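Reviewing the structure listed below.
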Amino acid sequence: MRLVLVGPPGAGKGTQAAFIATARSIPKISTGDIFRANVREGTELGVAAKQYMDAGDLVPDEITIGMVRNRLAEDDAVKGFLLDGFPRNVPQAEVLGGMLDTMGTQLDVVLELVVDDDEVVRRLSGRRTCRSCGHIWHVDFDPPTVEDVCDRCNGELFQRDDDRSETVRHRLEVYAEQTSPLVAYYAERGVLIGIDATGPVDNVTERALDALRHHG
Ligand code: AP5
Ligand code: ZN
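full-length UniProt numbering applies: residue 1 is where the sequence shown begins, and numbers increase by one.
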């Protein structure tokens with residue numbers, strides 16, 4: 001199955017991507033995670049991306065698209081994939097469509113996670129991520145047993161630099177202006193499915209897997 005997750009920052013894309021990718025046995029390709037790993041390792045790509053990420057802006061298309069093109073060419077993505085965080089604007093969607101055309105294939109589903117801005121702010125302000133295994137926690141909604149320690153691997157939890165409240169507001173504006181047009185774009189192409197992404201994580205996963213049941 002070839003699947004894209006779309007939704008505002010904090011909608012739960014990363015959280016749900018992990019469950020869906022495992023359930024459907026497809027690789028999870030998260031452009032945000034790839035950028036953050038490059039920033040951590042101090043690669044050329046990471047150095048180029050960091051200033052945009054810290055400001056809550058999109059990393060320029062010429063950087064992002066090349067990175068995704070390389071990732072989709074890897075063996076594990078040939079039979080299917082879940083894209084989390086890409087495409088992020090219409091030009092990226094056009095390029096992705098072209099890449100898939102060349103491969104003789106197309107997207108099965110674009111799954112939109114629908115939540116309002118207040119909920120997103122609550123989710124992002126309490127998010128903590130594990131430095132070792134990448135698991136996503138929340139201080140109120142999904143707290144680890146010991147503060148700032150991952151229950152899964154004992155790794156250290158950290159707060160993302162772009163989760164400060166001023167940056168979150170800007171990320172929401174960027175989503176509204178640049179990313180939300182993708183909802184209509186994919187609806188016109190008949191691949192969009194929107195689900196309610198509020199309520200407990202397990203319920204959202206259930207809705208997502210239900211929505212995908214008859215696809216791919
Ligand atoms: P990226 O990492 O993609 O960030 P984002 O889209 O802003 O999304 P988030 O990771 O913030 O949120 P999420 O929806 O994954 O929510 P999560 O599951 O963590 O991108 C970061 C930056 O990289 C961008 O700003 C840009 O600079 C750059 N970038 C990336 N892709 C790019 C591209 N294609 N083009 C250009 N630039 C790009 O959940 C959030 C919190 O809520 C967690 O604490 C979680 O525990 C909690 N939670 C989740 N579900 C629930 C629930 N049901 N109930 C209660 N709490 C919940
Ligand atoms: Zn961990």
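Ideal Cβ positions, reconstructed from N, Cα and C, are used throughout, including at glycine. Being a predicted model, the structure only gives us computed values, none of them experimental.
| query | Who are the Cβ neighbours of residue 100 in its own chain at under 8 Å, not counting the five residues just before and after it? | reply | Beyond the five residues adjoining it in sequence on each side, residue 100 comes within less than 8 Å, by CB distance, of 2, 106 and 107 in the same chain, given in chain order.
| What runs of the beta strand (DSSP E), each 3 residues or longer, lie entirely inside the segment 63-117? | Within the segment 63-117, the complete beta strand (DSSP E) runs of at least 3 residues fall at 81-84 and 109-114.
| Any contact of the segment 141-156 with the segment 36-43, i.e. 3+ C-beta pairs under 8 Å? | In short, these stretches do not touch, since the Cβ pair count stays below three.
| task | Let me know the beta strand (DSSP E) ranges lying completely inside the UniProt domain "Adenylate kinase active site lid" (127-162), each 3 residues or longer, listed in chain order. | result | The DSSP assignment places complete beta strand (DSSP E) segments of no fewer than 3 residues inside the UniProt domain "Adenylate kinase active site lid" (127-162) at 127-130 and 136-138, in order along the chain.
| query | For the candidate residues 64, 136, 70 and 104, whose alpha-carbon lies nearest to that of residue 86? | reply | The residue with the shortest Cα to Cα distance from residue 86 is 64.
| said: I'd like to confirm something about residue 30: is its beta-carbon nearer than 6 Å to some heavy atom of ligand 2, or not? | reply: No, since every heavy atom of ligand 2 falls outside the 6 Å radius drawn around the Cβ of residue 30.
| said: Assuming contact is defined by CB atoms lying nearer than 7 Å, are residue 56 and residue 162 in contact in what I supplied? | reply: The beta carbons of residue 56 and residue 162 sit closer together than 7 Å.
| query | Over what stretch of residues does the beta strand (DSSP E) that includes residue 195 continue unbroken? | reply | Start and end: 192-196.
| residue 15: CB within 6 Å of a non-hydrogen atom of ligand 4 | Only ligand 1 and ligand 2 can be found as ligands here, which leaves ligand 4 out of the picture.
| message | Pairs of beta-carbons, one from the segment 164-182 and one from the segment 114-130, closer than 8 Å: are there three or more? | response | Cβ pair count under 8 Å is three or more, so yes.
| request: Along the alpha helix (DSSP H) that carries residue 40, what are the first and last residues, could you check? | output: Per DSSP, the unbroken alpha helix (DSSP H) holding residue 40 starts and ends at 31-41.
| query | Can you give the Cα-Cα distance for residue 6 and residue 51, rounded to whole angstroms? | reply | In this structure, the straight-line span from the alpha carbon of residue 6 to that of residue 51 is close to 23 Å.
| task | Would you grab the beta carbon distance between residue 198 and residue 115 for me? Rounded to a whole angstrom, and I think it's under 8 Å. | result | Confirmed, about 6 Å.
| Distance, residue 67 Cα to residue 76 Cα | If you take the alpha carbons of residue 76 and residue 67, they lie about 16 Å apart.
| task | Can you check the segment 167-215 for any beta strand (DSSP E) of at least 3 residues that lies completely inside it and give the ranges in chain order? | result | The qualifying runs are 192-196.
| Taking all protein chains shown into account, do 16 or more other C-beta atoms lie within 10 angstroms of the C-beta of residue 28, making it buried, or fewer, making it exposed? | Buried is the call here.
| Is residue 132 near ligand 2, in the sense that its beta carbon is under 6 Å from a heavy atom of that ligand? | Result yes, Cβ under 6 Å from ligand 2.
| field | C-alpha distance - residue 12 paired with residue 139, whole-angstrom precision | value | If you take the alpha carbons of residue 12 and residue 139, they lie about 15 Å apart.
| By Cβ distance, which residues of its chain are closer than 7 Å to residue 23, with the 5 residues on each side in sequence left out? | Excluding positions up to five away in sequence, the list reads 209.
| said: Suppose you measure from the CA of residue 160 to the CA of residue 130; what does that come to, to the nearest Å? | reply: Take the alpha-carbon of residue 160 and the one of residue 130: they are about 10 Å apart.
| query | Per DSSP, which one or two residues make a beta bridge with residue 58? | reply | Secondary-structure assignment with DSSP links residue 58 through no beta bridge to anything.
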